[in-house]
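K.L.:
In terms of our numbering, the sequence shown opens at residue 42 and continues consecutively. For every residue, glycine included, the Cβ atom is placed at its ideal position computed from N, Cα and C.
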Amino acid sequence: MKSLSIRCGMIGAAAMAALGLVAPAHAEPVKAGDLVITQAWTRATPGGAKVGGGYLTIENKGSSPDKLIGGSTDAAGKLEVHEMTTENGIMKMHPVAGGLTIAPGKTVKLAPGGYHLMLMELKHPFKQGGKVPVTLRFEKAGNVSVTLDVQGIGAQSPRGMGGSHMDHMKMDKMHGHGGKM
Ligand SMILES: [Cu+2]
Numbered sequence: 042m043k044s045l046s047i048r049c050g051m052i053g054a055a056a057m058a059a060l061g062l063v064a065p066a067h068a069e070p071v072k073a074g075d076l077v078i079t080q081a082w083t084r085a086t087p088g089g090a091k092v093g094g095g096y097l098t099i100e101n102k103g104s105s106p107d108k109l110i111g112g113s114t115d116a117a118g119k120l121e122v123h124e125m126t127t128e129n130g131i132m133k134m135h136p137v138a139g140g141l142t143i144a145p146g147k148t149v150k151l152a153p154g155g156y157h158l159m160l161m162e163l164k165h166p167f168k169q170g171g172k173v174p175v176t177l178r179f180e181k182a183g184n185v186s187v188t189l190d191v192q193g194i195g196a197q198s199p200r201g202m203g204g205s206h207m208d209h210m211k212m213d214k215m216h217g218h219g220g221k222m
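(1) Ligand 1 heavy atoms versus the CB of glutamate 69: any closer than 8 angstroms?
(2) Once DSSP output is grouped into helix, strand and coil, what is the label at glycine 61?
(3) Compare the beta carbon distance of proline 145 and glycine 103 with 9 angstroms and say whether it is the shorter of the two.
(4) State the DSSP-derived secondary structure class of histidine 67, mapped to helix, strand or coil.
(5) Pull the bridge partners of threonine 127 from the DSSP assignment, please.
(6) Looking at the strands, I want to know which residues DSSP matches up with glutamine 80.
(7) Using the three-state DSSP reduction, which class does alanine 117 fall into: helix, strand or coil?
(8) Which same chain residues, not among the five before or five after glycine 170, have their C-beta less than 7 angstroms away from its C-beta?
(9) What three-state label does DSSP hand proline 106 in the structure shown?
(10) Kindly indicate which residue of Arg84, Ala90, Leu109, Ile78 has the alpha-carbon position closest to the one of threonine 98.
(11) Taking C-beta to C-beta, are valine 175 and serine 113 nearer than 9 angstroms?
(12) Would you mind giving the Cβ-Cβ distance between glutamine 197 and proline 153, rounded to the nearest angstrom? I have them listed as a contact below 8 angstroms.
(13) Out of curiosity, what's the CA-to-CA distance linking aspartate 107 and glycine 74?
(14) Grouping DSSP H, G and I as helix and E and B as strand, with all else coil, what is isoleucine 143?
(15) Note down the Cα distance separating asparagine 101 from lysine 164, rounded to an integer number of angstroms.
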């Protein structure tokens, strides 16, 4: 097999990427200081939707807490960190006061039905298979660029399984934009 290994060595990284042997960039964890961000995704949006959710997993490998305090994106007028709660059987969402703490040694998951990024005043619909670059702002780690992979319209997780029954129409209503088109 000597000749094969020599050939592989000569092909190089670019060719390996072209052959799909190197994981695409969006699958790579994003590291920022002590934080590692993985599984950043969002959902395709129906036409006319003004809001979308953003989901990701943040791990703090350090020894002090950090806080996700906000962010921005070219794809939307506003990006906020939201929390979803159920009060008397009614789901409500609101900005996380003071930011979302990522305790040292802990992993915080933003997912449908819980914490999420709220993208408001969307400038264009999100299409399945697309990518939405966002900049997150952390108290200590500073600005961190991540890319949300756009999943299907009813996706509940990066692989389309599990999660809650939240949908965009409800989200629109919750944010006072109305669900009608
Ligand atoms: Cu929200």
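P.N.:
This is what the structure holds:
(1) no
(2) Confidence at glycine 61 is low in this model, with a pLDDT of 45, below 50, so the placement of that residue should be treated as unreliable; the coordinate-derived value is given next. Three-state result, glycine 61: coil.
(3) Going by C-beta atoms, proline 145 is nearer than 9 angstroms to glycine 103.
(4) No answer about histidine 67 holds up, because its pLDDT of 49 lies below 50 and its placement is not dependable.
(5) Met132
(6) According to DSSP, which records beta bridges pairwise, glutamine 80 is partnered with nothing at all.
(7) strand
(8) Val191
(9) coil
(10) Ile78
(11) It is a contact, given that the beta carbons lie within the stated cut-off.
(12) 5 angstroms
(13) 10 angstroms
(14) When DSSP states are grouped into helix, strand and coil, isoleucine 143 belongs to the strand group.
(15) 32 angstroms
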